[in-house]
Structures are given as C-alpha cells and as structure tokens.
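These notes are about the structure you will find just below.
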Amino acid sequence: MTTGKRRKTGALPIWASILLVIMPVAVSIAAMSIGRISYSVSEILQTIADGISGKESGGPLYIVIWNIRLPRVLLALLVGAGLSVAGCAFQSLFSNPLATPDTLGVASGTSFGAALALLMGMSLIGVQITALLLGAVAVTLTWLAGAGKNKGKGLSSVVLSGIMIGSLFNSLVSLVKFTADTETQLPAITYWLMGSLSSAGYESLKLGAPPIIIGIIILYVIRWRLNVLPLSDDEAKSLGVNVNILRVVTVICATMITASCVSMCGQVGWVGLLIPHICRMAFGNNHRSLVPASISIGACFMVIVDTIARSASAAEIPISILTAIIGAPFFIILMRRSGGWRI
Amino acid sequence: MILKIENASFGYGKDNILKNVSLTAKKGELVAILGPNGAGKTTLLRCMLGFLKWKEGKSTLDDKDIRDIPHKKLWSSIAYVPQAKNFTSAMPVTEAVLLGRTSRISFYRQPSEKDIRAVEEILSRLGISHLENKLCNEISGGELQMVLIARALASQPEILVLDEPESNLDFKNQLIVLDTLSELSSQGVTCIFNTHYPAHALSRCDKALLLFKEGNSIFGDTAAVVTEKNIESAFGVKAVIGEVDTDENTLKSITALSLSDGNEVRSDDEERIAILSIIASDFSQGERISELLHSYSRYLIGRMGMPYKKAGVNIINVTLEAPHSEVDTLLHKLSLINGVSVKATYAKKEGSF
Numbered sequence: 003m004t005t006g007k008r009r010k011t012g013a014l015p016i017w018a019s020i021l022l023v024i025m026p027v028a029v030s031i032a033a034m035s036i037g038r039i040s041y042s043v044s045e046i047l048q049t050i051a052d053g054i055s056g057k058e059s060g061g062p063l064y065i066v067i068w069n070i071r072l073p074r075v076l077l078a079l080l081v082g083a084g085l086s087v088a089g090c091a092f093q094s095l096f097s098n099p100l101a102t103p104d105t106l107g108v109a110s111g112t113s114f115g116a117a118l119a120l121l122m123g124m125s126l127i128g129v130q131i132t133a134l135l136l137g138a139v140a141v142t143l144t145w146l147a148g149a150g151k152n153k154g155k156g157l158s159s160v161v162l163s164g165i166m167i168g169s170l171f172n173s174l175v176s177l178v179k180f181t182a183d184t185e186t187q188l189p190a191i192t193y194w195l196m197g198s199l200s201s202a203g204y205e206s207l208k209l210g211a212p213p214i215i216i217g218i219i220i221l222y223v224i225r226w227r228l229n230v231l232p233l234s235d236d237e238a239k240s241l242g243v244n245v246n247i248l249r250v251v252t253v254i255c256a257t258m259i260t261a262s263c264v265s266m267c268g269q270v271g272w273v274g275l276l277i278p279h280i281c282r283m284a285f286g287n288n289h290r291s292l293v294p295a296s297i298s299i300g301a302c303f304m305v306i307v308d309t310i311a312r313s314a315s316a317a318e319i320p321i322s323i324l325t326a327i328i329g330a331p332f333f334i335i336l337m338r339r340s341g342g343w344r345i
Numbered sequence: 132m133i134l135k136i137e138n139a140s141f142g143y144g145k146d147n148i149l150k151n152v153s154l155t156a157k158k159g160e161l162v163a164i165l166g167p168n169g170a171g172k173t174t175l176l177r178c179m180l181g182f183l184k185w186k187e188g189k190s191t192l193d194d195k196d197i198r199d200i201p202h203k204k205l206w207s208s209i210a211y212v213p214q215a216k217n218f219t220s221a222m223p224v225t226e227a228v229l230l231g232r233t234s235r236i237s238f239y240r241q242p243s244e245k246d247i248r249a250v251e252e253i254l255s256r257l258g259i260s261h262l263e264n265k266l267c268n269e270i271s272g273g274e275l276q277m278v279l280i281a282r283a284l285a286s287q288p289e290i291l292v293l294d295e296p297e298s299n300l301d302f303k304n305q306l307i308v309l310d311t312l313s314e315l316s317s318q319g320v321t322c323i324f325n326t327h328y329p330a331h332a333l334s335r336c337d338k339a340l341l342l343f344k345e346g347n348s349i350f351g352d353t354a355a356v357v358t359e360k361n362i363e364s365a366f367g368v369k370a371v372i373g374e375v376d377t378d379e380n381t382l383k384s385i386t387a388l389s390l391s392d393g394n395e396v397r398s399d400d401e402e403r404i405a406i407l408s409i410i411a412s413d414f415s416q417g418e419r420i421s422e423l424l425h426s427y428s429r430y431l432i433g434r435m436g437m438p439y440k441k442a443g444v445n446i447i448n449v450t451l452e453a454p455h456s457e458v459d460t461l462l463h464k465l466s467l468i469n470g471v472s473v474k475a476t477y478a479k480k481e482g483s484f
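Quick note, the sequences are listed as chains W and R, same order. Per the working numbering, the very first residue in the first sequence carries number 3; after that it's consecutive. Per the working numbering, the very first residue in the second sequence carries number 132; after that it's consecutive.
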C-alpha cells in the first residue's frame, strides 16, 4: 500500500509506528539503569542476555536487575499500556471525553477488595485475588443496574449507575479505613490506595499480567471496529456492526485490564484520561492509530513516572501524586498548542 | 430488489401511532415519506429498517422478512443515512466515509487499499473529493450531509434510506442533495427519504407515502397522493399546488395559504380537455412514453407523434379528456422521465367553443 493510501485508512505513518515500538524499549532500558545504584546500558543488556541464556551470575547487579528492576519495569509497562487503552476504549464507548477506566466502578470495587484483604491481614497474593474478585462484582452490579430495560436510553444510564456503584464502594473503603487499626493497617491501606509499583514481583505478575495482555491484544485486533462505538445505535447497526457484541467485548476487555492493574498497584489515577487525550491530539481520533499509540505512549509514561517515583527522593513517592503532577501541566500545554480535542 | 412494508402497525404503548402502513419501493424508484411533525416519519423509517419491531405486519426485502436476514447481508444491500445534526465526530472525511465499508470488512480486519479506492470513487462521484482531508466537525451542514450519503454509498447498497436529508439546509444545498438522489435513482439505486417538504416530493419522486396525525397513511403515485385535499387533511393547512414554468418543464410547487378550519373540503376534480405537448430529446425514451400513454388510453382523444431527426428530438402531442387529477398524474410521471420536456394546456369542458 502506498503511504498516501495507508494514511487515508487511518493507519499510523511508518516513522511513527517504528518510533512507538522503539520508545518503550529504550525507556525501559534507561529506567533500569537509574536508581539507588546506577548501571550503564551495556551492563544492563549484558545482564539481561545472561539471564535469558541461563547464565545466572548471582551477583548484586544480577539480583538488582532481574529480581527488582525488571519486574517493576514490566509492571509499569503493562499498567501504563493497559490503563491508557482501557480509558481510550471507555471514552469512545460512552462518547464522553471524561470517561476513565474507573467509569464503571471497577477501580472502586477493586480498591475495596484490596482494603478489605489488607484489613484481614492477607498476603500480597491474597490482596490481589480479593481485589480482582470485588472488581468483577462491582462491574457486574453496574451493568445489572444500568443496562437492560433502559436500552433505548443509550449508555448514559450505565455511566450513571457506574458513578453510583463507584461511590458506594468508595464509602465502603472509608468504612474499612475507619475500622482499621490506626497504627499499622490504616497506613498500609492508605498507602496502597495512593498506588505504588513497589510490590512488583514475578508471582503477582503471573496472576495479573495475563488479563492485561489478553485485554490489550483483543482491543488492538479489533481497533478499527472501535471507530463505530461513538456512533448512535441506529448508525452503528446500519453499518452492519453487531453493536451489542462489540460493546460487551469492549467492556469486558477494558474492565479486565483495569481490575488487574488496580489489584497489582492500587489506584493509579490520571493515566487513563491523560494518555488517550494526548494521543487524540497527536494522532487524531481514528482508533486504528489511536489504540497502538495509547498502548505505547501509556507504557512509556508509566515507566518514566515510576522511575521518578522510586528515585527522586529517599522515600518512594506515591504514583498517583506524580501522574497528576507530571501529567497535568504536560496535558495543558499540549491542549493549548493543538487547540483542544474532540471525540 | 424490492423493499416492502406490508400492513404494518407500530406503537410504544397500547395505542398505535402507525396503523396499517404499506409501501412498495421497486428498483430505481425515488420514494418520499411525508407527514406533519410528530406523525411518526422517523419511527416509520426505524421500523422499516428493523431498528424497532413492528407490532403487526412486517417489512420485507425481496419477500423475505427483514428481521430474518443476517445483519451483514442486509446492510450490504440497504444503507441508512441518519440526520446530519446528530453527527459529532472529529474524523477526517475519508476515514468517516471508510466506516461505511464496515459491513464488507471482517471483524478483526483493517480496511485495505481496495476499500480506499471505493471511497475515493464515491467521493468523486458525489463531487466532494475536495473535502477529503477536512475534519467532519469543521465542514458545513450541506457538506456533512453529502459525506453521510457518501458513507452510506460506500457499502455499494441497492437501497438508500435517508432521514430528512435536506432539512436544515439552504436552497442550494437542498438542490444538491435532491439532485444527488435523482441521479442515484436514475442509476438504479432505490432511494427512500423522509421530508418536510411536499414540494420536494412533487418535483422529484415517483411514489409518495403521506402520514396523517392519527396514524393512517396513503401510498401511491406522488401526484395522486400529494394533492391539495390530502395536504389539508394531513397538515391542517390550506395549500395550493401551483405550477412554475421553466424552459423545459412545468414544475409543481406547493404554497401554504393559511391554517385550515377543517370544515370545507374542496373538490376540484372536474373533467378537463387537456393537450400535452411533449418533446423527448432521447429517442430511447420513446418506448417508456408510449407505455405510459397506453395506460391512459381510455382518456385519450387524439395523439400525434413525429420524430424531428435533424434536431434529434421526438415531438408528441396528446389530447385527453380526463379528470384534472388524472391529467396531473400523467403530467407528473412524464416529467420524471429523463430528457423529457412536457407542458399542458387546459380548457374547461363546457367552454364556449
């Protein structure tokens, strides 16, 4: 296909595709070299190659890279990519620029699950599992409350019931905090809620990564179809699309991703709102390019933010604080320069 | 392909807002659906296309119930153009039109070069290639309407259904849209559209369906449906159907005079003597004209035809004695044939000869 024709179908320009593949890799390697102890890029590449070929040196370099920094960077990549693509899907689904991955109350439900598990003193994996389960419960409740009878009213009722269920679970989280022991449990819950990637390890990744990866792959494969989502019911149907199936697939993928992300690292605000809009401004509204751009830029953003979070000061800075501090100004600058966005 | 509505009724609650509606659209016909605000024109379209379910009756495509035809198959034969005012997407025109190809691309595929070529062809066919790279939210209402028509045509449908395509447009853009519809129907695409303007139906359409407030409707040849009497009872407005002479044809227009008090019903169906003068610039239309005249043979008193080879035209003169409405219908049908100019001269029957 010639470049002109390729662009007309809404595909990314070749240079952008290459850049979007290289960027996350480069950012990840850079992130692994930064930290309390700095390593050179060649040391990192060598260590990773050693690990893959099975030559475990067991030295401090090997342990720091393989057991601490690599899982953490992998988690950041997954969470950033996942939350961005989920936010992007929700914005299109509800044709609402304010939609975030939390719109259906998933993140609140997941948070409640985690808080509850922390209150009961469960292990990290236990926290993750309870969180995932309650996230699923929250979405199911939202869908049951909002969909069904109000079919004709569009998806606004689903959004509304999502907000309701979200606030319900948020108050349940407060209830848990209220009953928690102020010396040990309350700080743990509060800190967890602010979000951190410090719990990253292969055990939690084994459980949390597959839903995120599967969700991202499905949304990526059907990315061109996602363009139909913001259209009205009749319009979408008249294009020969089974809108109901498309919506259900989108909701399942996006909530699966969100619940899994939140269950591993707490509430990471902003990414799901910010990155899709940044990508809309840079690449336009066609999901054929919007989805891959969100995945790649979201992943990079998260790795960068997490690197700052763990290395800027002696104590780790909660990640939601940083996403807003770094993201908001960047977003405003871009919005002013590009003259805003439209879905 | 024949699209039909067969004795269908629809209502949201107990009462039916559409009662016993029937409609038949054959290949290449231009059909208007007329009616006052709130009579259910859009509802009729939505039921016809299966977005809403008829309470009784059905809509069929080639005698098969529309609800039994698989989604993809149905929507590659029919295309729907929604009202432009509800469209809010910030996509470039080409990409928006490309969405029209969806029914021809499988679920997990991306559009290919073939799809892009189809889109480019449609844009140039509708004369809007210059809009290609503009954003849909930055073009004018008339341009957007054309883009939506292009999107519908992108799936290469045989039937095009439009919801008020020329509302909210100025004179020029109304003409552009209507000309496009006429052009499409002459290429064999059946076009069915909702409209607020009886005049548009009169000047363009083969068939018309008029909806009354109570949910009844009449369907038939435009000139027989859109009459002063019917307009008065449907819209509650006294109107005159007048004629405007152009160089080629006598165009029908309709003017609303005043609100109707609902009491008097005019009857203007006296027998008239009429002479139709027809010039056909296209010889191949001769057969269609004879066929049409033949169906009116019981009214014919005289007929004369002569080819004027030098100018490449066929001159036909027909004298009729018929009720005014019949003459009107014939005149209207003739004027819809491509390349035919026709005018009528009338005399009252018991005149002072």
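Virtual Cβ for every residue (Gly too), placed ideally from N, Cα, C.
- For Met196(W), no beta strand (DSSP E) run applies; the uninterrupted alpha helix (DSSP H) run containing it begins and ends at Gln187 to Met196, by DSSP.
- Closest option to Gln318(R), judged by alpha-carbon separation, among Leu161(R), Lys383(R) and Ala332(R): Leu161(R).
- Leu205(R) has its alpha-carbon roughly 17 Å from the corresponding atom of Thr155(R).
- Here Phe324(R) really is in contact with Leu312(R); their C-beta atoms are around 7 Å apart, less than 8 Å.
- Inclusion of Asp236(W) and Phe182(R) in the CB contact set at 8 Å is warranted, their separation being smaller than that value.
- Put simply, the CB of His202(R) is near chain W, with a gap under 8 Å to one of its CB atoms.
- For the segment 236-247 of chain W, the residues whose beta carbon sits under 8 Å from a beta carbon of chain R are, in order, Asp236, Glu237, Lys239, Ser240, Leu241, Gly242, Val243 and Asn244.
- Taking 7 Å as the Cβ-Cβ cut-off, the segment 260-276 of chain R approaches chain W at Asn268, given in chain order.
- Comparing alpha carbon positions, the residue from Ile67(W), Ile321(W) and Leu170(W) closest to Leu47(W) is Ile67(W).
- Going by DSSP, Leu451(R) is part of the beta strand (DSSP E) stretching over Val444 to Pro454.
- Within a 10 Å sphere around the beta-carbon of Val357(R) sit 16 or more other beta-carbons, which makes this residue buried.
- Per the Cβ contact rule, the segment 198-213 of chain W is in contact with the segment 260-268 of chain W (3 or more Cβ pairs under 8 Å).
- Counting only residues of its own chain and dropping the five nearest sequence neighbours on each side, Ala370(R) has a CB closer than 8 Å to the CB of Pro329, Glu359, Ile362, Glu363, Ile385, Thr386, Ala387 and Leu388.
- In this structure, the alpha-carbon of Val305(W) lies about 23 Å from that of Met337(W).
- For Glu187(R), the beta-bridge partners assigned by DSSP are Ser140(R).
- Boundaries of the beta strand (DSSP E) around Glu402(R): Glu402 to Ala411.
- Around the Cβ of Tyr143(R), a 10 Å sphere holds fewer than 16 other Cβ atoms; the residue is exposed.
- Note on Pro103(W): 16 or more other CB atoms within 10 angstroms of its CB, so buried under the neighbour-count rule.
- Chain order gives the chain W residues near Leu230(R) as Asn229, Val230 and Leu241, where near means a beta carbon separation below 7 Å.
- Within the segment 334-399 of chain R, the runs of beta strand (DSSP E) that reach at least 3 residues and sit entirely inside it are, in chain order, 338-342, 348-352, 368-376 and 381-390.
- With respect to Ala256(W), Gly217(W) sits close: the two C-beta atoms are nearer than 8 Å.
- In this structure, Ala326(W) places its C-beta atom within 8 Å of the C-beta atom of Gly271(W).
- Short of 8 Å from the beta carbon of Ile220(W), and not among the five residues preceding or following it, lie these beta carbons of its own chain, in chain order: Val251 and Cys255.
- Spanning the alpha carbons of Gly61(W) and Asn69(W) requires a straight line of approximately 12 Å.
- Glu374(R) sits exposed, since fewer than 16 C-beta atoms from the chains shown fall within 10 Å of its C-beta.
- At a beta-carbon threshold of 7 Å, the residues of chain W lying near Met222(R) are Asn287 and Asn288, ordered along the chain.
- By the criterion of a C-beta distance shorter than 7 Å, Leu120(W) is surrounded in its chain by Val129, Gln187, Ala190, Ile191 and Trp194, once the five residues flanking it on both sides are discounted.
- In this structure, Ser159(W) sits away from Thr144(W), with a CB-CB distance that is not shorter than 8 Å.
- Shown in chain order are the members of the segment 5-23 of chain W whose Cβ falls below 8 Å from a Cβ of chain R: Lys7, Lys10, Thr11, Gly12 and Ala13.
- Below 8 Å, too few C-beta pairs join the segment 337-346 of chain R and the segment 441-459 of chain R to call them touching: fewer than three.
- If you compare the alpha carbons of Asn469(R), Ser153(R), Ile148(R) and Lys135(R) with that of Glu314(R), the shortest gap goes to Asn469(R).
- By the rule that beta-carbons nearer than 8 Å mark a contact, Glu295(R) does not touch chain W.
- For the C-beta of Ser190(R), not a single chain W residue is nearer than 9 Å; the gap to the nearest is close to 14 Å.
- When only Cα atoms are considered, Val223(W) and Ala13(W) end up about 13 Å apart.
- Of Leu157(W), Phe332(W), Gly137(W) and Pro320(W), the smallest CA-CA separation from Val175(W) is found for Gly137(W).
- Around the C-beta of Gly231(R), 16 or more other C-beta atoms lie within 10 Å, and the residue is accordingly described as buried.
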